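Chemist:
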Amino acid sequence: MPMQAHEIEELLRAEFPDAQIVVEGSDGVHMAAMVVDESFRGKNRVQQQRAVYAALKGKMDGPQGDLHALALTTKVPE
Amino acid sequence: MSDAQTQIKQTVTENDVVLFMKGTKSMPQCGFSSRVAGVLNYMGVEYADVNVLADENIRQGIKDYSDWPTIPQLYVKGEFVGGCDIITEMTLSGELDTLFAENGVTFDKDAAEKIREANG
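Protein chains in written order, with our numbering: chain A, 2 to 79; chain B, 210 to 329.
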């Protein structure tokens, strides 16, 4: 099942309650998300994106994954 | 270790730069794979391409190997560098140049600058 932007945002919000989160895209398959969170400080990009993928709880896994593609941007707050 | 894990380890150990992708470097079959292969091709980097669509065990195996859910995946000197978004950011920031230089990977610096000029 494709995921709507608000569903993705809810999953991310649960893991990063204080983050700035922007989810874009409307087809539910090819989506983009930006997460700006203090918890990323000191982590490299791989570690930051791993944390985001973990928050999505397997939604991107495998051919039956809900999300085919999520363009991801992670940042530490300025 | 399963056959797939052994094979992946061998591939990333024996090649300085490896891109696990959907399709091949000359015929990518996914926009994200195409973007990363395009950067490497344009920068004149010599790399091994592994088409995960050709082998379901490798397709799943590489995700297990790196604990990373998506493809493409770029490896330099056996280390996982990142997926499409990370490689794109690193290309534009110049970090990819630095990584290649530090690891003795030959690339065309002028081409890298051109990418940045075109996307600056």
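Note that the Cβ used here is the ideal one computed from N, Cα and C, for glycine as well.
Computed from a predicted model, the values in this text were never measured in an experiment.
If the cut-off is 8 Å on Cβ atoms, which residues from the region 267-298 of chain B count as contacting chain A, listed in chain order?
Modeler: Within the region 267-298 of chain B, the residues whose Cβ lies closer than 8 Å to some Cβ of chain A are Gln269, Lys272, Asp276, Trp277, Pro278, Thr279, Phe289, Val290, Gly291, Gly292, Cys293, Asp294, Ile295, Glu298, listed in chain order.
Chemist: When the Cα atoms are used, what is the spatial distance from Lys76 of chain A to Gly253 of chain B?
Modeler: Each residue's alpha carbon lies about 30 Å from the other.
Chemist: Using a Cβ cut-off of 7 Å, which residues of the region 227-250 of chain B contact any Cβ in chain A, in chain order?
Modeler: The residues in question are Phe241.
Chemist: Between which two residues does the beta strand (DSSP E) holding Gly291 of chain B run?
Modeler: Here the beta strand (DSSP E) through Gly291 of chain B covers 288-291.
Chemist: Assuming Ile267 of chain B and Ile217 of chain B form a contact by the criterion Cβ under 8 Å, report the distance between their Cβ atoms to the nearest whole angstrom.
Modeler: With 8 Å as the limit, Ile267 of chain B and Ile217 of chain B qualify as a contact, their Cβ atoms being about 7 Å apart.
Chemist: Please report the residue range of the beta strand (DSSP E) in which Asp258 of chain B lies.
Modeler: Its beta strand (DSSP E) spans residues 257-260.
Chemist: Looking at chain B, is there any beta carbon in it that lies within less than 8 Å of the beta carbon of Val47 of chain A?
Modeler: For Val47 of chain A, the answer is yes, since a Cβ of chain B falls inside 8 Å of its Cβ.
Chemist: Taking Tyr54 of chain A as the reference, give the member of B:Ile324, B:Lys272, B:Ala246 with the closest Cα.
Modeler: The candidate whose alpha carbon is nearest that of Tyr54 of chain A is B:Lys272.
Chemist: So, is the C-beta of Met61 of chain A closer than 8 Å to a C-beta in chain B?
Modeler: At least one chain B Cβ lies under 8 Å of Met61 of chain A.
Chemist: Could you check whether the Cβ of Leu73 of chain A sits closer than 8 Å to any Cβ belonging to chain B?
Modeler: Answer yes: the Cβ-Cβ gap between Leu73 of chain A and chain B drops below 8 Å somewhere.
Chemist: Do the region 33-50 of chain A and the region 212-227 of chain B make contact, defined as three or more Cβ pairs closer than 8 Å?
Modeler: The region 33-50 of chain A is not in contact with the region 212-227 of chain B.
Chemist: What's the call for Ser275 of chain B, buried or exposed, on a 16-neighbour Cβ count within 10 Å?
Modeler: Buried is the call here.
Chemist: Can you tell me where the alpha helix (DSSP H) with Lys76 of chain A in it begins and where it stops?
Modeler: Premise fails: Lys76 of chain A lies in the beta strand (DSSP E), 70-76, not in any alpha helix (DSSP H).
Chemist: Rounded to the nearest angstrom, what separates Leu57 of chain A and Leu12 of chain A at their Cα positions?
Modeler: Between Leu57 of chain A and Leu12 of chain A, the C-alpha separation is close to 6 Å.
Chemist: Does any residue of chain B bring its CB to less than 8 Å from the CB of Ala70 of chain A?
Modeler: Judged by the 8 Å Cβ criterion, Ala70 of chain A is in contact with chain B.
Chemist: Going straight from the alpha carbon of Ala320 of chain B to that of Ala15 of chain A, what length do you get?
Modeler: The alpha-carbon atoms of Ala320 of chain B and Ala15 of chain A are separated by roughly 42 Å.
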